[in-house]
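Chains as they are written, first to last, in the numbering used here: chain A, 1 to 469; chain B, 1 to 252.
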């Protein structure tokens, strides 16, 4: 096919001509319209729908401030700590850039957790949005890796010992564990070699993957269209032009809606940056103002707050707790056998996996530390299963039985309690509480195929619930 | 969903209910972060008493100009003859000598005030209590001990100012298991120092205010600027709110 370029009149504005020239060679206008300009989003978005845009904003803040920090930071065990103080004192506006970056890290997790909570409430991961959810889940994994690698860079005591503890977890893997953690560290202890490779991952490897995944997340979302608080497909009600009746073009409606959300967020964000950058030790830990010392182990090593729900599950896995886990696995395999309609082969795979785990947890099997790492990993990975675990006939919590809301609230309480216990030093009572919460956490997901389909569901309306402003 | 929001908000505040940790209670350090005379006096005490052994390698002498001192004042009063105003606050004590004399190297004090914060109190509270909790203890190599930091390697450098104190302990019985243990009762002065107790507390407060300032010299700029940033951001969000409303008015 021959190359055809649309002819504009000779007196057309220069900008139109330039755009026409580009559009003939690159789908600029089409891209804008598909992704935002003519992307029809449901008009009934509520408060919970701001966190996607805010996550994008914080991503940009982290990248831009990160670029400036790298200009002055030294990834060298002998210089890293003082180079951060150099940024705080001698680089013009360095303190602001650094505080924006450190506050941005925590803000990112607050936003992402709320963004995920929204998806849980309104069933945003359900068909046809499974890939949107999976890309988002991969973004969450990248974010955790990014935060973990980045936290070593200030080279304070918490940076150092936090990295030491987490890298040592790989040592619990049978046979290859000790060599694997040695390979990750590049040394027998966390050292200059570790700092250099973590720096490389933090500033190049993970951000590259992260950006690609964000693009995939958005392209997938704009392909299938956004969910909404009612969990209705707005594409099923089209007007004469083929646009959803219950949708509005993102531009200008959600452009200005999100700008408003962004300004409110920035009020809160700058309040922390300018008045409480340490946030009482949760965003910047006091121990991290002591330079890393491989000979002095701090009394209490806690990961940063955003990892603590999962970290608590790791800590809750003691050898006594394994008996409960074994009983839980046995009961679950029975449940799958008796109460599911899965093919016989898959049921057999469940039974085999269950048997291997139960035997592995016996006193002669692998130790509790290994199973702690397995549960720690599973507690994160299980989120990926949401689109298939949830069997509710309706998407949104609005039309689910009322007791489902209680189940969500109990799960939320267990998750936050795990997070709280993870920052506290362990004690026998706290350990029991975190074990109870860990059981609730896993039960919520693993039993979801059954409980989510049970109860009296409310009728779902044909059109979205919307009150004009 | 309102109920859910309330529960989330309550849970977010839970960590504030954390149990306070036990130990020697911290006194509250007076806030002198905006008192230039106090900060200057603190700087003088810091250079004269602390900087002989401790360093503050992230800090330049010239930064003291932020406290209202001039180059000449810094040069004349706070510098050794060989140092320049733009130099970093290093120390001539080597790590090897420090280990031989005290058993450990004195920590760098650049961000010491930030590193001592805990649930028991702020970093300045810890330092304020620490420097006022020394007592004579002949069982220690230096002859000094500290209530807040037991068996600390640092001797009581400010003893000339505070004088020499002894700590009185009394034997108490535990309510639960009836074991006997020694509990701190009070300090008694055996040799008065150059300062009265109130004057000493005030000087330590000045020194701690200086250490806190040195931990983050930009902190007052940060807060001053923050007020303007918040005012501006709030006005912007007000505008954005009305702008958004004007677009959404037409959505039926």
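Beta carbons are placed, not taken as given, at the ideal position from N, Cα and C, and that holds for glycine. Predicted, not measured: the structure shown is a model, and the values here were computed from it.
Q. At which residues does the beta strand (DSSP E) containing residue 191 of chain B begin and terminate?
A. That run of the beta strand (DSSP E) goes 180–192.
Q. Does the beta-carbon of residue 334 of chain A have 16 or more other beta-carbons within 10 angstroms, so that it is buried, or is it exposed?
A. Exposed: under 16 other Cβ atoms inside 10 Å.
Q: Would you verify that the beta carbon of residue 55 of chain B is, or is not, closer than 8 Å to some beta carbon of chain A?
A: Closer than 8 Å: no.
Q) Among the residues of its own chain, which have a CB less than 6 Å from the CB of residue 37 of chain A, if the five just before and after it don't count? A) Same-chain partners within the cutoff: 251.
Q: Indicate whether at least one CB of chain A lies closer than 8 Å to the CB of residue 212 of chain B.
A: No, residue 212 of chain B does not count as interfacial toward chain A.
Q. Helix or strand or just coil, what does DSSP make of residue 247 of chain A?
A. It is a strand residue.
Q.
Please tell me whether residue 95 of chain A has its Cβ less than 8 Å away from any Cβ of chain B.
A. Closer than 8 Å: yes.
**Q.** Per-residue burial, residue 494 of chain A [other beta carbons within 10 Å of its own, 16 or more giving buried]
**A.** This structure leaves residue 494 of chain A out entirely; chain A is present only between 1 and 469.
**Q.** Beta carbon proximity, residue 114 of chain B to chain A, threshold 8 Å
**A.** Cβ-Cβ to chain A under 8 Å: yes for residue 114 of chain B.
Q.
Which residues does DSSP list as the beta-bridge partners of residue 172 of chain B?
A. According to DSSP, residue 172 of chain B bridges with B:181.
Q. How many angstroms separate the CA atom of residue 42 of chain A from the CA atom of residue 234 of chain A?
A. Distance between the alpha carbons of residue 42 of chain A and residue 234 of chain A: 7 Å.
Q) For residue 494 of chain A, is the classification buried or exposed, using 16 other Cβ atoms within 10 angstroms of its Cβ as the cut-off for buried? A) In the structure as shown, chain A begins at 1 and stops at 469. Residue 494 of chain A is therefore absent and cannot be evaluated.
Q.
Please identify, using Cβ separations under 7 Å, the residues of the region 130–161 of chain B that lie next to chain A, in order along the chain.
A. In summary, no residue of the region 130–161 of chain B has a CB separated from any CB of chain A by less than 7 Å.
Q) For the beta strand (DSSP E) that contains residue 93 of chain A, what are its first and last residues? A) Careful: residue 93 of chain A lies outside any beta strand (DSSP E) and carries neither H nor E.
Q.
Is residue 311 of chain A close to the ligand MN? I mean its beta-carbon at under 7 Å from any heavy atom of the ligand.
A. Only the bare structure without any ligand can be found here, which leaves the ligand MN out of the picture.
Q) Of the residues A:467, A:28 and A:12, which one's Cα is nearest the Cα of residue 248 of chain B? A) With distances taken between Cα atoms, residue 248 of chain B lies closest to A:467.
Q.
Just to check my reading of the structure: residue 39 of chain B and residue 32 of chain B have Cβ atoms closer than 8 Å, yes? What is that Cβ distance to the nearest angstrom?
A. Yes, they are in contact, since the Cβ atoms of residue 39 of chain B and residue 32 of chain B sit about 7 Å apart, within 8 Å.
Q: Could you tell me whether any Cβ in chain B is nearer than 8 Å to the Cβ of residue 266 of chain A?
A: By this cut-off, residue 266 of chain A is an interface position.
Q: Tell me, to the nearest whole angstrom, how far the beta carbon of residue 88 of chain A is from that of residue 216 of chain B; I am working on the premise that it is less than 8 Å.
A: Indeed, because the Cβ distance is near 7 Å, the residues count as touching under 8 Å.
(Q) What are the residues in the region 74–96 of chain B lying within 7 Å of chain A by C-beta distance? (A) Within the region 74–96 of chain B, no residue has a Cβ that lies closer than 7 Å to any Cβ of chain A.
Q. How many whole angstroms separate the CB atoms of residue 212 of chain B and residue 123 of chain B, which I take to be in contact at a CB cut-off of 8 Å?
A. With 8 Å as the limit, residue 212 of chain B and residue 123 of chain B qualify as a contact, their Cβ atoms being about 7 Å apart.
Q. Starting from residue 374 of chain A and walking both ways along the alpha helix (DSSP H), at which residues does that stretch end?
A. Run containing residue 374 of chain A: 368–381, per the alpha helix (DSSP H) assignment.
Q: Would you kindly report the start and end of the unbroken alpha helix (DSSP H) that includes residue 126 of chain B?
A: Where residue 126 of chain B is concerned, the enclosing alpha helix (DSSP H) stretches over 123–130.
Q: Find the residues of chain A that neighbour residue 216 of chain B, judging by a C-beta separation of less than 8 Å, and give them in chain order.
A: The answer, in chain order, is 88 and 95.
Q: Could you check if residue 429 of chain A is buried or exposed, using at least 16 other CB atoms within 10 Å of its CB as the buried criterion?
A: So residue 429 of chain A counts as exposed.
Q. According to DSSP, is residue 166 of chain B helix, strand or coil?
A. DSSP places residue 166 of chain B in strand when its eight states are reduced to three.
Q) Between the region 395–406 of chain A and the region 130–149 of chain A, do three or more beta carbon pairs fall short of 8 Å? A) Contact between the region 395–406 of chain A and the region 130–149 of chain A is absent, because fewer than three Cβ pairs lie under 8 Å.
Q) Which residue's Cα is closest to the Cα of residue 37 of chain B: B:143, B:117, B:104 and B:65? A) Ranking the options by Cα distance to residue 37 of chain B, first place goes to B:65.
Q. Using a beta-carbon distance below 8 Å, is residue 29 of chain B in contact with chain A?
A. No, because no Cβ of chain A sits closer than 8 Å to the Cβ of residue 29 of chain B.
(Q) Is there a Cβ of chain B sitting closer than 8 Å to that of residue 65 of chain A, yes or no? (A) Chain B contact via Cβ: absent.
Q: Please go through the same chain and pick out, in chain order, the residues whose beta-carbon is closer than 7 Å to the beta-carbon of residue 74 of chain A, but skip the five residues on each side of it.
A: Residues 80 and 83 of the same chain have their beta carbon placed closer than 7 Å to that of residue 74 of chain A, with the five preceding and five following residues left out of the count.
(Q) Just to confirm my understanding: we take residue 254 of chain A, look at its own chain, exclude 5 residues before and 5 after, and list those with CB closer than 7 Å. What are they? (A) Excluding sequence neighbours, residue 254 of chain A sits near 41.
Q.
So, at 6 Å on beta carbons, what are the nonlocal neighbours of residue 21 of chain B in its own chain, with the 5 sequence-adjacent residues on each side left out?
A. Confidence at residue 21 of chain B is low in this model, with a pLDDT of 42, below 50, so its placement is unreliable and the value that follows should be read with caution. Sequence-distant Cβ neighbours of residue 21 of chain B in its own chain, meaning closer than 6 Å and more than five residues away, are 119 and 120.
Q) Run through DSSP, which three-state label would residue 89 of chain B get? A) Reduced to three states, the DSSP call for residue 89 of chain B is strand.
(Q) For the beta strand (DSSP E) containing residue 40 of chain A, name the first residue and the last one. (A) DSSP places residue 40 of chain A in the uninterrupted beta strand (DSSP E) bounded by 40–42.
Q.
With a threshold of 8 Å between beta carbons, is residue 251 of chain B in contact with chain A?
A. Interface residue, yes.
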